[in-house]
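With the sequence shown counted from 1, adding 485 to any position gets you this note's numbering.
Built from N, CA and C at the ideal position, the CB exists for glycine as well.
Data first, discussion second: the structure below is written as C-alpha cells.
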Amino acid sequence: MLCIKQLHADDFEAMEQIFIETFPRTDDADFANAWRTKECNWSLGLYYNATLVGFAITCKGETSTEARLWFIAVCAKHRAGGAGTRLLTAVMNAVAASNCSLQLTPDNCPRIINWYKRHGFVITKTMPFVHRDIPTCWMKWVSPPSSPTSLASTRTRSNSSIDEFELAVAV
Ligand SMILES: CC(C)(COP(=O)(O)OP(=O)(O)OC[C@H]1O[C@@H](n2cnc3c(N)ncnc32)[C@H](O)[C@@H]1OP(=O)(O)O)[C@@H](O)C(=O)NCCC(=O)NCCS
Numbered sequence: 486m487l488c489i490k491q492l493h494a495d496d497f498e499a500m501e502q503i504f505i506e507t508f509p510r511t512d513d514a515d516f517a518n519a520w521r522t523k524e525c526n527w528s529l530g531l532y533y534n535a536t537l538v539g540f541a542i543t544c545k546g547e548t549s550t551e552a553r554l555w556f557i558a559v560c561a562k563h564r565a566g567g568a569g570t571r572l573l574t575a576v577m578n579a580v581a582a583s584n585c586s587l588q589l590t591p592d593n594c595p596r597i598i599n600w601y602k603r604h605g606f607v608i609t610k611t612m613p614f615v616h617r618d619i620p621t622c623w624m625k626w627v628s629p630p631s632s633p634t635s636l637a638s639t640r641t642r643s644n645s646s647i648d649e650f651e652l653a654v655a656v
C-alpha cells in the first residue's frame, strides 16, 4: 500500500538519497534550499510500507497567490504506475485549497513536459538555449473555476492528512 502525507523532518536523509539518484546533475544546494524554504502543507512524501519512495517539495511563489513546485521525484522502481500522478495531484489539490496557482520549470524533456500538460499545466514562457535541443520552459496550473463540485471534493480530500492507494501495477 502506498500513501501520501506531509513530509516530516525525519524524511530528510531518505529524500536526499532519492534526490541524488534522480537528479544527479542538480546541485545539492538547490535541494537544501528548497527543503529549507518549503511550504509544509504543499510538500508531500510518497511512502511504500512506511518507506519514503517519492517526494514533492513546493514553496511559496513570487506572489501570495502563487506556489512553486521545486522537485517531484518517484523512485525508479515505483514509477509508471500512477504514483507520480497521485503525488502531483495531491500537491495541486493542496495548493488549490490555498487559492494558489502552481508554477514549475520542467526538465528539458518532452515526456515530462507532456506529462505536466496532461495534468492541466500550460507553458507560460520559453527561453531557447544554444546547447539544448528544446527550450527551457515555465509551466503553470490554475485550478479551474468552473468545477466547484469537483474542487470541493478534492479540497475535502486534501484536508485529510493521509491519502492511501494501491498502485496500478505491482511493485
Ligand atoms: C516524473 C515522475 C515523478 C512521474 O512519476 P510516475 O510514477 O512515473 O508517474 P505516472 O506513473 O503517474 O505517469 C508516468 C508518466 O510520467 C512521464 N514521465 C516523464 N519522465 C519520465 C521518466 N523518466 N520515467 C517514466 N515516466 C516519465 C511519462 O509521461 C509517463 O507516461 P508515459 O509512459 O505515457 O510517457 C517520475 O517519472 C520521476 O521521478 N522522474 C524523474 C524525476 C523527474 O523527472 N521529475 C520531474 C522534474 S521536472
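Remark: C-beta atoms of cysteine 525 and threonine 550 do not approach each other more closely than 8 Å.
In this chain, the beta strand (DSSP E) harbouring lysine 490 covers 487-491. For tryptophan 555, the enclosing beta strand (DSSP E) begins and ends at 551-559.
Between the alpha carbons of glutamine 502 and threonine 609 lies a distance of about 32 Å. The bridge partners DSSP lists for methionine 612 are Thr621.
For threonine 536, the three-state secondary structure derived from DSSP is strand. A heavy atom of ligand 1 is found nearer than 7 Å to the CB of alanine 558.
Here valine 627 carries a coil assignment [DSSP, helix/strand/coil].
Relative to the Cα of threonine 543, the nearest Cα in the group Arg553, Leu537, Thr536, Ala535 belongs to Arg553.
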